[in-house]
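The structure appears right after this line, and notes come after that.
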Amino acid sequence: MSKQDTESPVEPFKRALTSAVRSIAEEPELQVSFGTEPTGVRGDQVRLPLPPRDLPADEVARIRGAADACSLRLRHHDDNLHRRHAPMGPTAREVYEAAEQARVEAIGSRAMRGMARNLEAALEHRFAEKGFSTVNDKADAPLADAVGLLVREKLTGKPPPPSAENIVELWRPFIESRAGEDLAELDGCIGDQQKFARLTRKIIAGL
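If you read the sequence shown in my numbering, its first letter stands for residue 158, the second for the next number, and so on.
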């Protein structure tokens with residue numbers, strides 16, 4: 158019996174995803190691993206969610222979305238520049254991080270429809286896991302997440318995923334009344350991280 162006959166369908170999926178991550182990131186030596194630890198990028202290593210054995214379509218989409226988010230971060234983000242412009246204070250930094258992640262993901266979403274669907278599936282899963290669909294008080298709705306989703310909305314024209322609608326609508330009047338004009342300008346510098354970072358700092362100062 159050949160290896161192809163005996164191996165789980167998960168293994169070819171993981172290999173294909175690894176190749177896709179390296180290709181999008183333009184990092185052929187990138188180390189990609191799968192596990193239960195938090196998804197993310199650290200140096201030349203990417204950690205992705207462990208796919209379930211039966212590969213249901215919704216899980217495939219959200220894992221691809223997590224992979225796309227990491228790949229786009231590596232491709233379009235400069236860590237040194239990011240650190241130079243980072244604000245002080247934990248909430249300000251969270252908003253800054255959320256806006257930058259929204260920027261790199263929007264670049265991919267605007268370029269490829271399939272990637273946009275995957276990224277949306279990953280977002281929907283992340284906010285559903287946090288239980289944000291039942292939140293009805295701003296005290297329970299992180300400002301950084303709301304800003305990140307409004308940045309995404311401005312850059313892609315896409316509304317927040319259903320599981321995050323509540324937190325966005327709770328914060329929208331406050332954010333748009335204080336930083337609406339600056340948010341509208343973000344689209345003009347989506348491809349320039351430095352200009353985007355400076356404008357994000359201006360948005361944070363307004364909040």
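Backbone N, C-alpha and C fix where the C-beta goes; we use that ideal spot for every residue, glycine too. From a predicted model like this one, the values you see are computed outputs, not experimental measurements.
Residues of the same chain with a CB within less than 7 angstroms of the CB of N293, apart from the 5 flanking positions on each side, are N323 in chain order. In the three-state reduction of the DSSP assignment, L212 falls in the coil class. C-alpha of T357 to C-alpha of G314: approximately 18 angstroms in a straight line. Leaving aside the five residues that flank K295 on each side, the residues in its chain whose CB is nearer than 6 angstroms to its CB run, in chain order, L327.
Around the Cβ of S334, a 10 Å sphere holds fewer than 16 other Cβ atoms; the residue is exposed. For F191, the enclosing beta strand (DSSP E) has its first and last residue at Q188 to G192.
Bounds of any beta strand (DSSP E) do not take in L238; it lies within the alpha helix (DSSP H) bounded by D236 to H242. Of the candidates L312, A321, V325 and P316, the residue whose Cα lies closest to the Cα of D339 is L312. With a cutoff of 8 angstroms on beta-carbon distance, L276 and G222 are scored as near each other.
Just so you know, the alpha carbons of V304 and F170 end up roughly 33 angstroms apart. By the Cβ test, the region 261–273 is in contact with the region 227–236, since at least three Cβ pairs between them sit closer than 8 angstroms. S228 sits buried, since 16 or more C-beta atoms from the chains shown fall within 10 Å of its C-beta.
No residue range can be given for V292, since it is assigned to no alpha helix (DSSP H) and is classified by DSSP as neither H nor E. DSSP links L205 through a beta bridge to F191. Assigned with DSSP and collapsed to three states, G363 falls in helix.
In the DSSP annotation of this structure, the continuous segment of the beta strand (DSSP E) that includes G197 starts and ends at G197 to R199.
Around the beta carbon of P208, a 10 Å sphere encloses 16 or more other beta carbons of the protein chains shown; the residue is thus reported as buried. Taking the CA atoms as reference points, A214 sits about 15 angstroms from M272. Secondary structure at I347: coil, using DSSP grouped into helix, strand and coil.
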